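Enquirer:
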Amino acid sequence: MTQELSSLMDGELGEQEAERSIAACCASEDQKNTWYLYHAIGDAMRGQAPRRLELPRATFESLNAQPTVLAPRRRPLMQGTLARVAFAAAASVATIGVVGWIGTQGGPAAPVPMVAKSSSAIQPVANKTTISGAVAPSLDVQDYLAVHRQIPSPELYRPVNNRAPAAR
Amino acid sequence: MIRWIPALAVGLACGSQAAPGNNDPLAWLQRAAQASRTASYSGIFVHSNGDRTSTLRITHVNVGGEEHERVEPLDGPSYEIVRRNDEMFCYFPDAKTIRLDRRITARFFPSIMTGEPAAIAASYEVKLGKSERVLGFDCQWIRLEPKDGLRYAQRLCSETTSGLIVRSKTLNEQKQVIEQYTFTELKLGPHVARSDVKSIFEARVKKWITDAKPRDEAKSVETGWAVTNPPAGFQKVTELRRTMPGRDQPVSQIIFSDGFASLSVFVEPQGAPRRTDEASNEDGTTTFYVRPMGEHLVTVLGEVPLATAQQVGRSVARRP
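Chains as they are written, first to last, in the numbering used here: chain A, 1 to 168; chain B, 1 to 320.
#1: Any beta carbon of chain B sitting closer than 7 Å to that of residue 20 of chain A?
#2: Below 6 Å CB to CB, which residues in the same chain sit around residue 103 of chain B once its five sequence neighbours on both sides are set aside?
#3: Determine which residues share a DSSP beta bridge with residue 321 of chain B and list them.
#4: Shorter than 7 Å from the beta carbon of residue 38 of chain A to some beta carbon of chain B?
#5: Run through the DSSP bridge pairs and tell me what residue 219 of chain B is partnered with.
#6: Looking at chain A, which residues of the region 92 to 106 of chain B have a Cβ within less than 8 Å of any of its Cβ atoms?
#7: Taking residue 79 of chain B as the query, report the chain A residues whose CB atoms sit under 7 Å from its CB, ordered along the chain.
#8: For residue 199 of chain B, which option in B/83, B/294 and B/187 has the closest C-alpha, if you only look at C-alpha atoms?
#9: Below 9 Å between beta carbons is the criterion; list the residues of the region 240 to 253 of chain B that meet it against any residue of chain A, in chain order.
#10: Considering just the uninterrupted stretch of the alpha helix (DSSP H) at residue 148 of chain A, what are its terminal residues?
#11: Less than 7 Å between the C-beta atoms of residue 252 of chain B and residue 208 of chain B, yes or no?
#12: What residues of chain B sit near residue 16 of chain A, judged by a beta carbon separation below 9 Å?
#13: Excluding the 5 residues preceding and the 5 following residue 96 of chain B in the sequence, name in chain order all residues of the same chain whose CB lies nearer than 8 Å to its CB.
#14: Quickly, what does DSSP pair residue 43 of chain B with across the bridge? List them, please.
#15: Using a 10 Å radius around the Cβ and a threshold of 16 neighbouring Cβ atoms, would you call residue 157 of chain A buried or exposed?
#16: Are any of the Cβ atoms in chain A nearer than 7 Å to that of residue 144 of chain B?
#17: Does any residue of chain B bring its CB to less than 7 Å from the CB of residue 143 of chain A?
#18: Please name the residue in A/148, A/153, A/38 and A/21 whose C-alpha comes closest to that of residue 265 of chain B.
#19: Check whether chain A comes within 7 Å of residue 228 of chain B, counting only Cβ atoms and requiring the distance to be less than that.
#20: Would you decide whether residue 26 of chain B is buried or exposed? Buried here means 16 or more other CB atoms lie within 10 Å of its CB.
#21: Can a CB atom of chain B be found closer than 7 Å to the CB of residue 12 of chain A?
#22: Return yes when the Cβ of residue 40 of chain B is within less than 7 Å of the Cβ of residue 61 of chain B, no when it is not.
#23: If I measure Cβ to Cβ from residue 261 of chain B and keep anything under 6 Å in the same chain, skipping five residues before and after, which residues do I get?
#24: Compare the C-beta of residue 136 of chain B with all C-beta atoms of chain A and state if any pair is closer than 7 Å.
#25: With 16 other CB atoms within 10 Å as the buried threshold, where does residue 114 of chain A fall?
#26: Ends of the alpha helix (DSSP H) at residue 308 of chain B?
#27: Taking contact to mean at least 3 C-beta pairs separated by less than 8 Å, is the region 281 to 288 of chain B in contact with the region 114 to 133 of chain B?
#28: Hey, out of B/162, B/201 and B/157, whose CA is closest to residue 182 of chain B's CA?
Here's what the structure looks like:
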């Protein structure tokens with residue numbers, strides 16, 4: 001039924017199917033809620049402000065109950081193993097600043113954020129996630145991932161806005 | 001009129017599904033690989049890998065045998081990748097920078113196969129799965145079962161009329177989905193406009209800075225390193241030197257692929273302090289394995305099980 005409703009919204013139903021679907025939709029409170037909900041989601045995904053409709057309270061309730069699927073999930077830092085933390089943080093923070101073992105500066109006792117030195121490399125955000133405990137030094141997975149997948153990390157380019165761009 | 005096109009497509013799909021010769025799984029695989037290059041499509045897809053989920057908008061057209069594509073991530077800072085065949089132009093409006101690169105083997109949905117179907121069939125058993133309606137399209141699932149434990153199983157959902165992959169899943173040994181790409185909205189066919197694959201950010205910035213280094217570095221070079229014991233089915237694609245943040249010198253990168261999964265081996269001089277122990281991590285399909293090797297550090301990253309990454313990482317040696 002919800003599939004049909006979704007198809008209706010996408011204009012994929014034939015005339016008769018659409019009529020039936022509309023009739024069914026307005027006959028049930030549940031379906032009506034789903035209808036509002038789908039539109040609210042659609043608006044949000046298109047980046048539009050929610051429509052000025054008197055949305056039923058149930059719509060908001062079911063919105064609250066929805067799992068967040070389309071937004072990146074943020075993991076609490078202390079959840080899971082520290083290695084996983086490093087990985088998740090690499091995804092959300094984009095750069096793990098603590099690269100004592102691979103950084104070009106800093107002594108063994110003082111891990112420092114990476115500093116781009118070559119002319120075309122761009123300074124990563126100084127979002128420092130300090131990870132202490134068993135798994136040290138941490139892994140700056142994101143840099144390797146960006147090279148491997150050939151999807152440059154926008155975080156590497158973003159801070160350029162505030163300083164002289166390093167790239168030619 | 002527009003709203004009748006999906007219905008029409010479904011009608012056509014029903015017809016073509018019964019077409020003879022369509023029971024050959026390799027033919028389906030071939031078609032799926034081809035469709036991602038030759039078909040015209042636009043839509044939104046969601047990519048989930050381990051903990052990470054991202055939503056991207058894609059438009060792809062093929063004009064006179066040339067591929068034109070525009071991909072825009074919809075989460076996080078805005079940027080876009082405009083691609084013409086293998087040339088990639090990545091526009092970062094905030095940084096006013098266009099980053100040039102050349103596509104090598106990286107997986108860009110729905111073009112997720114980099115090898116020939118025959119090469120893929122050497123490492124995977126290719127079978128046809130069930131037929132199913134997905135996103136309003138009639139689809140055929142193609143199953144890639146690994147012949148050994150060195151790679152993951154793949155499930156590809158191919159739209160029957162065009163062959164285009166509309167959904168793909170990667171499964172681990174326990175048959176759990178660890179990575180998924182799926183269109184959530186898809187338009188297929190000639191009504192996808194050529195103008196939709198042009199940069200939308202280009203006009204917003206007066207003076208762009210061009211970062212051509214990634215493209216210059218995307219050329220094969222002798223890195224002086226070799227993998228002496230590559231896992232069965234994995235062939236070397238190329239080797240290059242890449243500039244990476246925080247490094248004085250470029251890092252050597254050797255890329256391997258089994259036609260579907262790929263992995264990169266990175267070799268670089270050890271930084272300070274030196275790393276003395278191995279470390280590894282698996283998140284979704286992305287496996288990360290790092291191993292100190294004297295003065296150097298070996299890092300393997302790819303969409304492969306840990307054992308595969310370890311086998312590669314442990315057999316890195318100076319080229320004789």
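Ideal Cβ positions, reconstructed from N, Cα and C, are used throughout, including at glycine.
Every value quoted in this text rests on a predicted model; they were computed, and no experiment measured them.
Expert: Inspection of the coordinates gives the following:
#1: If you number the first sequence from 1, residue 20 of chain A lands on position 20. So, not an interface residue.
#2: Working through the second sequence from its first residue, we reach residue 103 of chain B at position 103. Excluding sequence neighbours, residue 103 of chain B sits near 86 and 88.
#3: A question about residue 321 of chain B goes unanswered here, because the residues of chain B that appear run from 1 up to 320.
#4: In the first sequence, the residue the question calls residue 38 of chain A occupies position 38. For residue 38 of chain A, the answer is no, since every Cβ of chain B falls outside 7 Å of its Cβ.
#5: Locating residue 219 of chain B in the second sequence gives position 219, where the first residue counts as 1. According to DSSP, which records beta bridges pairwise, residue 219 of chain B is partnered with nothing at all.
#6: 92, 94, 95, 96, 97, 99, 101, 103, 104 and 106
#7: Locating residue 79 of chain B in the second sequence gives position 79, where the first residue counts as 1. Within chain A, the residues near residue 79 of chain B are 154.
#8: Here residue 199 of chain B refers to the residue found at position 199 when the second sequence is read from its first residue. For the residues B/83, B/294 and B/187, the minimum Cα distance to residue 199 of chain B belongs to B/83.
#9: 242, 243, 244, 245, 246, 247, 248, 249, 250, 251 and 253
#10: Against the first sequence, residue 148 of chain A aligns to sequence position 148. Its alpha helix (DSSP H) spans residues 141 to 149.
#11: On the second sequence, position 252 is the one that residue 252 of chain B refers to. On the second sequence, position 208 is the one that residue 208 of chain B refers to. In this structure, residue 208 of chain B does not lie closer than 7 Å to residue 252 of chain B by Cβ.
#12: In the first sequence, the residue the question calls residue 16 of chain A occupies position 16. None at all; the shortest Cβ gap to chain B is about 12 Å.
#13: What you label residue 96 of chain B is simply residue 96 of the second sequence in a count that begins at 1. Same-chain partners within the cutoff: 205, 207, 208 and 209.
#14: Taking the second sequence and counting its residues from 1, one reaches residue 43 of chain B at position 43. For residue 43 of chain B, which the question treats as bridged, DSSP gives the partners B/58 and B/186.
#15: Taking the first residue of the first sequence as 1, we reach residue 157 of chain A at position 157. Its Cβ being crowded by 16 or more others within 10 Å, residue 157 of chain A is buried.
#16: Numbered from its first residue, the second sequence carries residue 144 of chain B at position 144. Not closer than 7 Å to any Cβ of chain A, the Cβ of residue 144 of chain B fails to qualify, so no.
#17: Residue mapping note: residue 143 of chain A aligns to position 143 of the first sequence, counting from 1. Judged by the 7 Å Cβ criterion, residue 143 of chain A is in contact with chain B.
#18: Indexing the second sequence from 1 puts residue 265 of chain B at position 265. It is A/148.
#19: Mapped onto the second sequence, residue 228 of chain B falls at position 228. No - not a single Cβ of chain A is within 7 Å of the one on residue 228 of chain B.
#20: As a working mapping, residue 26 of chain B is identified with position 26 in the second sequence. The residue in question, residue 26 of chain B, is exposed, as its Cβ has fewer than 16 Cβ neighbours within 10 Å.
#21: Reading the first sequence from its first residue, position 12 is the one you call residue 12 of chain A. Yes, because at least one Cβ of chain B sits closer than 7 Å to the Cβ of residue 12 of chain A.
#22: Residue mapping note: residue 61 of chain B aligns to position 61 of the second sequence, counting from 1. Residue mapping note: residue 40 of chain B aligns to position 40 of the second sequence, counting from 1. Yes. Within cutoff.
#23: Mapped onto the second sequence, residue 261 of chain B falls at position 261. Only 151, 303 and 304 meet the Cβ criterion.
#24: Along the second sequence, read from residue 1 onward, the residue named residue 136 of chain B stands at position 136. For residue 136 of chain B, the answer is yes, since a Cβ of chain A falls inside 7 Å of its Cβ.
#25: By 1-based counting over the first sequence, the position of residue 114 of chain A is 114. Its pLDDT being 34, under 50, residue 114 of chain A is placed unreliably by the model, and the measurement read from it follows with that caveat. Buried, since its Cβ has 16 or more Cβ neighbours within 10 Å.
#26: As a position in the second sequence, residue 308 of chain B is number 308, starting the count at 1. Taken as a continuous stretch (DSSP letters only), the alpha helix (DSSP H) holding residue 308 of chain B covers 306 to 314.
#27: no
#28: Here residue 182 of chain B refers to the residue found at position 182 when the second sequence is read from its first residue. Comparing Cα positions, the closest option is B/157.
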